[in-house]
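In the numbering used here, the protein residues as written are 972 to 1153.
The C-beta atom is built at its ideal place from N, Cα and C for all residues, glycine as well.
Bear in mind the structure is a predicted one, so any value in this text is a computation, not a measurement.
Heads up: the structure comes next, in structure tokens.
Shown next as structure tokens:
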């Protein structure tokens, strides 16, 4: 399958998955769509060399980032489902089911970072990039990072509007992406 067909097929799936958030420009899901597209671009750009030299420093870093990505998304989604009391009471039309939390989640991975799923996507983007670093890959990875920063800051505004002072206090106690740092 040519890279163009692979990218177009992947984009069609991402557009379908993002159809609700795309109908609400300015929502966190709207910006997340662009991050997913950039990550898809990195995967398509570098898929041919995945695993060619697994012990090289850049591919070793890539695999560590991608494994971290899996761990972060599993911990984040399971914590939201377990502790967030998701229900349709919190539905603005662009949320996925697990995002419709009605309780502020500040336990588990959320005790350290506010956005484990977005951190997961950052790790995935840079993991795909490090399979075969290049100038165009750098531009795409930076685009994914900016889109994820926009996603996170927009999500924080949405959470402040819903959870109020409790979320503001939570923001003071935690970092956005990297525990104790950022």
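Point to revise | Extent of the continuous alpha helix (DSSP H) to which residue 1000 belongs | key: 999 to 1017
Review point. Nearest to residue 982 by alpha carbon, out of 1004, 1045, 996?
Key: 1004
Review point. Just how far apart, CA to CA, sit residue 1140 and residue 1106?
Key: 40 Å
Exercise for review: Could you check which residue in 1111, 1047, 1096 has the C-alpha nearest to that of residue 1086?
Suggested key: 1047
Review point. Quick one: is residue 987 buried, meaning 16 or more other Cβ sit within 10 Å of its Cβ, or exposed?
Key: exposed
Review point. What first and last residue would you give for the alpha helix (DSSP H) that runs through residue 1054?
Key: Per DSSP, residue 1054 belongs to the alpha helix (DSSP H) from 1028 to 1054.
Exercise for review: Classify residue 1030 as buried or exposed, calling it buried when 16 or more other Cβ atoms lie within 10 Å of its own Cβ.
Suggested key: Residue 1030 should be labelled buried.
Exercise for review: Compare the C-alpha of residue 1095 against each of 1143, 1039, 1127, 1109 and name the closest.
Suggested key: Of the residues 1143, 1039, 1127, 1109, the one whose Cα lies closest to the Cα of residue 1095 is 1039.
Check your understanding: Who are the Cβ neighbours of residue 1076 in its own chain at under 7 Å, not counting the five residues just before and after it?
Key -> 1050, 1051, 1054, 1055
Review point. For residue 1144, which of 1078, 989, 1010 has the nearest alpha-carbon?
Key: Of the listed residues, the one whose Cα sits closest to residue 1144 is 1078.
Check your understanding: Whole-angstrom Cβ separation of residue 1091 and residue 1043, contact assumed at under 8 Å?
Key -> 4 Å
Practice item. Can you tell me the Cβ-Cβ gap for residue 1084 and residue 1149, rounded? I've got them flagged as a contact below 8 Å. Key: 7 Å
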